[in-house]
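Asker: Before anything else, here's the structure in question.
There are 4 protein chains.
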Amino acid sequence: MMGRTIDQLKLGDYEEFSKTVSESDIYLFGGVSGDMNPAHIDEQFASNTFFKGRIAHGILVGSFISTVIGMKLPGPGTIYLEQQYKFLAPVRIGDTITAKAEVIEIKSEKNKITLQTRCFNQNGVMVIDGTALVSPPKPKKQ
Amino acid sequence: MMGRTIDQLKLGDYEEFSKTVSESDIYLFGGVSGDMNPAHIDEQFASNTFFKGRIAHGILVGSFISTVIGMKLPGPGTIYLEQQYKFLAPVRIGDTITAKAEVIEIKSEKNKITLQTRCFNQNGVMVIDGTALVSPPKPKKQ
Amino acid sequence: MMGRTIDQLKLGDYEEFSKTVSESDIYLFGGVSGDMNPAHIDEQFASNTFFKGRIAHGILVGSFISTVIGMKLPGPGTIYLEQQYKFLAPVRIGDTITAKAEVIEIKSEKNKITLQTRCFNQNGVMVIDGTALVSPPKPKKQ
Amino acid sequence: MMGRTIDQLKLGDYEEFSKTVSESDIYLFGGVSGDMNPAHIDEQFASNTFFKGRIAHGILVGSFISTVIGMKLPGPGTIYLEQQYKFLAPVRIGDTITAKAEVIEIKSEKNKITLQTRCFNQNGVMVIDGTALVSPPKPKKQ
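Below you can see the structure in the form of structure tokens.
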């Protein structure tokens, strides 16, 4: 049930997670976070903004990166140290987002790796760019 | 319903949002994000980790910052450009988190501001440190 | 508040429950079960499968049978012993499902009954066939 | 993103999924299924039953098996044909359930496999026994 240790990781390794963002995702995220910004939950307000309609919370979309890191790369047992997001384009209800995390730096002596973390929509448009710093699970002592 | 424009903001302005993190918050966040990392949803697994029990997703805690930004400072109409998180300490079921955003830089010519964004638990321990870059709502043309 | 005892049941008795399956039902079921199979939450993936789009989890549809049993036939106080499902056809977002449970065998000495348990969509297509074995609530002692 | 084809499976292969069952899981499952049986959502009623308190819906616990099948064994692309559950013991709020699916029969000519599907609580007590019949994803044509 443990994810990969630093010895089992190499530059270029990557994993992905995809989800179609539903209206219920946005509403539940609003409830959990408390973020009731009308851009996300008020179609009348949102239709008069630059984005011309409700959009998903940036952090909701960014959370899919957490899914890749916590479940796949490195996976369970990983300690999440840092995350940086650049929000590049809006995500709308019905968009299918693919979050991708790729190993771009390995600091074995500190047991830390840097991941390039990006999200793309169904048209291949990058909607989030960024990096994460994580500490993979340590090997079991023998 | 619009938030503050850049002319209405000054260095040191801040706002906060507080929430007690419930088990249901963590479970719903798991469902929305897809992040079923056992550190969050499996007490048996989690009790054998460094943290000795289930912890909240870091991004769930970080989402409270989005709440401050999107609802209060600058508020509705803001465009979220960048967010950086450093996860400093675990958050457990029942912890009460206060997210605080404070204006630390104003770039009027680009209509952008930088916020220091931090989360604290009920004991005053900083659990997240970081910054956000946002574009406040523009004044209505006359 | 108690359901029917075995003396109050006869062969051919039946009850139904109907619900239109929403996208949010599927997403919440995914969150509760942990089943993030892309067939259910990734429209891009699902549109390239045999089913040509996202479908509901079979067990979500099957859960409507539990609703009939636990609330109506025999109702509260029933102990659910066995359930068999055959998944015959896909259920899509917006389909209206009717779950029907009908008494087909009564074992009075063991206080158990067998129910034929079927689900149909709005076009009358059987999407689940199967049976349940349950123990109805016992009469109150006097 | 596709699961294992029948050529990639052998007798004895197994996968697991674990989750601590929360009160919110039971309530959300009640909302999605419509199953408002007081055994699950009414502590006053439930404390006077044989089980002495609220218990999880059997199908909610059984849904963790769907998670193993749909995500891991055989995984995405699998068609779920049949599921049989025997409910052997109650599951309470706070129990940690491990669902395990193991290949016990392979019918290559029909592209079907039978899985033994069992759920255990944190004390090793089997709470569900049963089997599933599934059709693994077919190899891509070349």
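Residue numbers (the working numbering), protein chains in the order written: chain A, 1 to 142; chain B, 1 to 142; chain C, 1 to 142; chain D, 1 to 142. No residue lacks a Cβ here, since even glycine has one placed at the ideal position from N, Cα and C.
1. I'd like to confirm the pairing. Which residues does DSSP put opposite M1/C in its beta bridges?
2. Could you compute how far the alpha carbon of D13/B sits from the alpha carbon of T131/A?
3. Look at the alpha carbon of Q44/D and the alpha carbon of G53/D, and state the distance between them as a whole number of angstroms.
4. Using the Cβ count rule (16 or more neighbours within 10 Å means buried), how would you classify N37/A?
5. Counting Cβ pairs, one atom from each stretch, are 3 or more of them under 8 angstroms apart for the region 88–98 of chain D and the region 57–70 of chain C?
6. Does the region 63–81 of chain A come close enough to the region 3–22 of chain A that 3 or more CB-CB pairs lie under 8 angstroms?
7. For D129/C, which of helix, strand or coil comes out of DSSP?
8. According to DSSP, E82/B sits in a beta bridge with which residue or residues?
9. Mind checking L11/C: buried by the 16 CB within 10 Å criterion, or exposed?
10. Against chain B, which members of the region 79–91 of chain C pass a CB distance test of less than 7 angstroms?
11. Is the distance from the Cβ of T114/C to the Cβ of E105/C below 7 angstroms?
12. Tell me the rounded alpha-carbon separation between I55/B and H40/B.
13. Helix, strand or coil for V61/B per DSSP?
14. Out of curiosity, what's the CA-to-CA distance linking I97/D and K107/A?
15. Is any beta-carbon of chain A found at less than 7 angstroms from that of G34/B?
16. Taking all protein chains shown into account, decide if N121/A is buried (16 or more other Cβ within 10 angstroms of its Cβ) or exposed.
17. Report the residue from S22/C, G31/C and V68/C whose alpha carbon sits nearest the alpha carbon of K100/C.
18. Between V125/C and the rest of its own chain, which residues show a CB-CB distance below 6 angstroms, the 5 nearest in sequence each way excluded?
19. Taking a cut of 7 angstroms between CB atoms, which residues from the region 95–110 of chain D lie near chain B?
20. Figure out for me which residue from F51/D, Y85/D and F29/D has the closest Cα to the Cα of F64/C.
21. Quick check on this structure: which residue in T49/A, L81/A, I128/A and G77/A has the alpha carbon closest to the alpha carbon of L81/B?
22. Is the distance from the Cβ of S22/D to the Cβ of E109/B below 7 angstroms?
23. What residues in its chain sit with their C-beta under 8 angstroms from that of S66/B, if we drop five residues either side in the sequence?
24. Classify P76/B as buried or exposed, calling it buried when 16 or more other Cβ atoms lie within 10 Å of its own Cβ.
25. For the beta strand (DSSP E) holding E23/A, just list the boundary residues, first then last.
26. What residues in its chain sit with their C-beta under 6 angstroms from that of F51/D, if we drop five residues either side in the sequence?
27. Given a cut-off of 7 angstroms, decide if T78/B and P136/B are closer than it, judged by their beta-carbon atoms.
28. Going by C-alpha to C-alpha distance, which of D42/C, V103/C, M1/C and K86/C sits closest to M1/D?
29. Shorter than 7 angstroms from the beta carbon of G62/C to some beta carbon of chain B?
30. Near T49/C, what residues of its chain come up, given a Cβ to Cβ distance below 8 angstroms and the 5 sequence neighbours on each side ignored?
31. Write down the C-beta distance between Y27/B and D25/D rounded to the nearest angstrom, noting that I regard them as a contact closer than 8 angstroms.
32. For G3/C and chain D, any beta-carbon pair shorter than 7 angstroms?
33. Look at N123/D and I6/D and say whether their C-beta atoms are less than 7 angstroms apart.
34. Could you check whether G31/C and K147/D sit closer than 7 angstroms to each other, using their CB atoms as the reference points?
35. Residues of chain B with CB closer than 9 angstroms to the CB of L28/A, please, in chain order.
36. Are L9/A and V134/A closer than 7 angstroms when you measure CB to CB?
Answerer: Short version:
1. The partner list for M1/C (beta bridge, DSSP) is empty, contrary to what the question assumes.
2. 29 angstroms
3. Per the coordinates, the alpha-carbon of Q44/D lies some 8 angstroms from the alpha-carbon of G53/D.
4. buried
5. no
6. yes
7. strand
8. K86/A and L133/B
9. exposed
10. none
11. yes
12. CA-to-CA, the gap between I55/B and H40/B works out to about 5 angstroms.
13. helix
14. 36 angstroms
15. yes
16. buried
17. V68/C
18. Here the set comprises A89.
19. T96
20. F29/D
21. I128/A
22. no
23. Y80 and Q83
24. buried
25. No beta strand (DSSP E) contains E23/A, which is instead part of the alpha helix (DSSP H) from E23 to S33.
26. P90
27. Yes, Cβ-Cβ distance for P136/B and T78/B is below 7 angstroms.
28. D42/C
29. Not one chain B Cβ lies under 7 angstroms of G62/C.
30. A39
31. 6 angstroms
32. No - not a single Cβ of chain D is within 7 angstroms of the one on G3/C.
33. no
34. This structure leaves residue 147/D out entirely; chain D is present only between 1 and 142.
35. L28, F29, G31 and V32
36. No.
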